[in-house]
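Numbering (our numbering), first residue to last: 6 to 398. Even glycine gets a Cβ: it sits at the ideal position worked out from N, Cα and C. Please read these numbers as outputs of a predicted model, since none were measured by experiment. Working notes, structure below.
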Ligand SMILES: *Cc1c(COP(=O)(O)O)cnc(C)c1O
């Protein structure tokens, strides 16, 4: 055996996540590990919860990070709120709605699917029709920001429909949190989950979640225990809860939580509104550059996410070859299409720390260089100028 230490290359991450991690967050990771029940660590956990309430714009005390990636937050919402025999209306307009369906069915519940074309927002009228047909649905689940396509849905309207029909809303805000407005209390969302590696500028592996009073009541009054021991909120509350005795439930990822704490401090310093505005500003410049090059964005302007840009390909160009060259020659990662959009689009992320002018110009310049070298039918040399004009406007 002669395997030595692993030193990853220095990349620029402009795909669908993970995105570039702020150096202050990486520095926090390397601080000394202490016990997860150490009083100083417990005090830090309380600060994480407090700052998370700000990020989610909620007063809910049941707001905390789950010690696993975004998918664990998704699973936590479904396994806690659903029991066998329940019905859930699930909106699907991309990859992640399909995962919600899987979750519902593995809870022994029935998923009533409301499907929309990939790249479009969830159609609110279809959701109303689904409730008219299934007034007994207990849950409405939807993805706020579909990372597979870059489309945003109207979370406030969807949550209102759920409320009107006495159902609980579950919202995936993995890609929206800290990138575009997420207002849990104002919108009346009952359960939401996110991830640390998209617009929060943190390392992957943690999933912030929040549950409303109504969701908490539902969890307390379950007829059957949550089938997942690890994700049972009744047990997790004993570990993260306010006046809980902090009994051992699992060992928190101590250093990852230092990192997450730092990313939330950064968010607090910048301010949520400023973070949202930053994503809009750099998206406008990226878009101007791509369009000047002759490429187009897939999602209608009204539903477009600033932090995830699905881009059409120039005619006759092998999308994987371009991504390969960007990675090898420029250390730049952009994303491929998923599912129905595989091979047909690129996904350029502008998430969190990665969302800045330097990256926008670097990405446009690198893409222009590779495509020009491949003799693609684009307007070579136009992109950076158009992006600069967008910044100057
Ligand atoms: C990334 C993502 C997830 C899954 O998060 P992981 O951390 O990869 O488990 C879920 N939903 C959406 C919308 C995402 O973008």
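Buried or exposed by the 16-neighbour rule on C-beta atoms within 10 Å, applied to residue i
| i | result |
| --- | --- |
| residue 43 | exposed |
| residue 101 | buried |
| residue 398 | exposed |
| residue 10 | exposed |
| residue 25 | buried |
| residue 363 | exposed |
| residue 301 | exposed |
| residue 151 | buried |
| residue 80 | buried |
| residue 280 | buried |
| residue 55 | exposed |
| residue 359 | buried |
| residue 8 | exposed |
| residue 48 | exposed |
Distance between residue j and residue i (C-alpha atoms, nearest Å)
| i | j | result |
| --- | --- | --- |
| residue 218 | residue 324 | 47 Å |
| residue 184 | residue 6 | 45 Å |
| residue 22 | residue 177 | 15 Å |
| residue 50 | residue 316 | 40 Å |
| residue 251 | residue 66 | 15 Å |
| residue 15 | residue 336 | 7 Å |
| residue 129 | residue 193 | 16 Å |
| residue 289 | residue 149 | 21 Å |
| residue 392 | residue 286 | 11 Å |
| residue 349 | residue 383 | 17 Å |
| residue 29 | residue 46 | 19 Å |
| residue 274 | residue 13 | 29 Å |
| residue 283 | residue 347 | 29 Å |
| residue 369 | residue 389 | 6 Å |
| residue 253 | residue 27 | 31 Å |
| residue 68 | residue 238 | 11 Å |
| residue 123 | residue 356 | 21 Å |
| residue 328 | residue 311 | 21 Å |
| residue 319 | residue 133 | 39 Å |
| residue 326 | residue 351 | 12 Å |
| residue 303 | residue 82 | 30 Å |
| residue 305 | residue 187 | 21 Å |
| residue 139 | residue 168 | 14 Å |
| residue 233 | residue 333 | 42 Å |
| residue 276 | residue 231 | 37 Å |
| residue 64 | residue 245 | 16 Å |
| residue 207 | residue 32 | 11 Å |
| residue 97 | residue 171 | 21 Å |
| residue 294 | residue 394 | 9 Å |
| residue 99 | residue 117 | 16 Å |
| residue 298 | residue 365 | 14 Å |
| residue 229 | residue 36 | 42 Å |
| residue 121 | residue 103 | 12 Å |
| residue 40 | residue 345 | 46 Å |
| residue 227 | residue 243 | 17 Å |
| residue 375 | residue 361 | 21 Å |
| residue 225 | residue 209 | 30 Å |
| residue 255 | residue 91 | 29 Å |
Rounded distance between the beta-carbons of residue j and residue i, thought under 8 Å
| i | j | result |
| --- | --- | --- |
| residue 264 | residue 18 | Not quite, the Cβ-Cβ distance comes to about 16 Å (not below 8 Å), so this is no contact. |
| residue 266 | residue 53 | 5 Å |
| residue 173 | residue 135 | So it is not a contact: roughly 15 Å between Cβ atoms. |
| residue 321 | residue 340 | About 21 Å; that fails the 8 Å criterion. |
| residue 119 | residue 131 | 5 Å |
| residue 182 | residue 205 | 7 Å |
| residue 137 | residue 272 | The pair is not a contact, with the Cβ atoms about 40 Å apart (cut-off 8 Å). |
Check whether residue i and residue j have beta carbons under 7 Å apart
| i | j | result |
| --- | --- | --- |
| residue 126 | residue 380 | no |
| residue 146 | residue 179 | no |
| residue 313 | residue 155 | yes |
| residue 175 | residue 142 | no |
| residue 38 | residue 259 | yes |
| residue 86 | residue 215 | no |
| residue 213 | residue 331 | no |
| residue 338 | residue 20 | yes |
| residue 62 | residue 241 | no |
| residue 291 | residue 153 | no |
| residue 377 | residue 371 | no |
| residue 109 | residue 93 | yes |
| residue 211 | residue 261 | yes |
Q: Evaluate the contact criterion for the segment 73-90 versus the segment 193-203: three or more CB pairs, one atom per stretch, below 8 Å.
A: Touching, yes.
Q) Counting Cβ pairs, one atom from each stretch, are 3 or more of them under 8 Å apart for the segment 110-119 and the segment 152-161? A) No: fewer than three Cβ pairs fall under 8 Å.
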